[in-house]
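Q: Have a look at the structure that comes next, please.
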Amino acid sequence: MTSLLFDANALIYWAHPDSIYHDEISCLIDEAFLNQGSVYALSSSLNEVYYILHRHYMEEPEARESLRDIAETFDLVDLTGLFVFESIDSDEPDYEDGLIRVAAEELQVDAIISYDKAAFKSSFVPKMTAREAYEEFFQESESSKG
């Protein structure tokens, strides 16, 4: 079973249907569910997702509905004090990236789904785009079905 943790930018790209990465992220999520995988998001990422969606892409009710879609689709990971302090002390480019990295390592997920080029370079959990994760974890299962 594949487990994937999505950062805030990946969640925004998924929630905004006109984003250039929406389709590949949707495909990855669908394939993860078809293969009984797990998709995770930090509950703390929802604030950033809401702010960006409402400020730049959609009206307030639609932004709230996007949060509902995320909450219903993803297993939400709540923060603990350990995550907070480890994130503060991490070498990630920003605090949210530190939280994602700590959570990914604690959950021992197979990959962090992100489009942030600077983040997660020191993590033992690999960072991948949705397309890279699809090819890594599900491409083989697709070819073996045919």
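According to the UniProt record's numbering, the residues represented by the sequence shown are 1 to 146, in order. We treat Cβ as the ideally placed atom computed from N, Cα and C, and that holds for glycine.
Does the Cβ-Cβ distance between Ser38 and Asp7 come in under 7 Å?
A: Their beta carbons are not under 7 Å apart, which means Ser38 does not touch Asp7 by this criterion.
Q: Could you name each continuous beta strand (DSSP E) segment of 3 residues or more that falls completely within the stretch 71 to 95, going from the start of the chain to the end?
A: Runs found: 75 to 77.
Q: DSSP state of Val102, grouped into three classes?
A: Val102 falls in the helix class under three-state DSSP.
Q: Looking only at its chain, what residues have a beta carbon closer than 7 Å to the beta carbon of Ile25, apart from the 5 residues adjacent to it on each side?
A: Hits under 7 Å: Ala10, Tyr13, Trp14, Ala130.
Q: Mind the definition here: the stretch 98 to 114 touches the stretch 65 to 74 only if three or more C-beta pairs lie below 8 Å; say whether that holds.
A: The answer is no - the stretch 65 to 74 does not touch the stretch 98 to 114, with fewer than three Cβ pairs under 8 Å.
Q: What is the DSSP secondary structure of Ser66, counted as helix, strand or coil?
A: Reduced to three states, the DSSP call for Ser66 is helix.
Q: Drop a sphere of 10 angstroms on the beta-carbon of Thr2, count the other beta-carbons inside from all chains shown, and report buried for 16 or more, exposed for fewer.
A: When all chains shown are included, Thr2 counts as buried.
Q: So, is Glu31 buried or exposed, given that buried needs 16 or more other C-beta atoms within 10 angstroms?
A: Looking at its Cβ environment, which holds 16 or more other Cβ atoms inside 10 Å, Glu31 is buried.
Q: Okay, do the stretch 50 to 63 and the stretch 84 to 96 touch, 3+ Cβ pairs below 8 Å being the bar?
A: Cβ pair count under 8 Å is below three, so no.
Q: Measure the C-alpha to C-alpha separation of Phe137 and Gly81 and round it to an integer number of angstroms.
A: Cα to Cα, Phe137 sits roughly 32 Å from Gly81.
Q: In angstroms, rounded to a whole number, what distance separates the CA positions of His56 and Ser122?
A: If you take the alpha carbons of His56 and Ser122, they lie about 31 Å apart.
Q: List the endpoints of the continuous beta strand (DSSP E) containing Phe6.
A: Unbroken beta strand (DSSP E) run through Phe6: 3 to 6.
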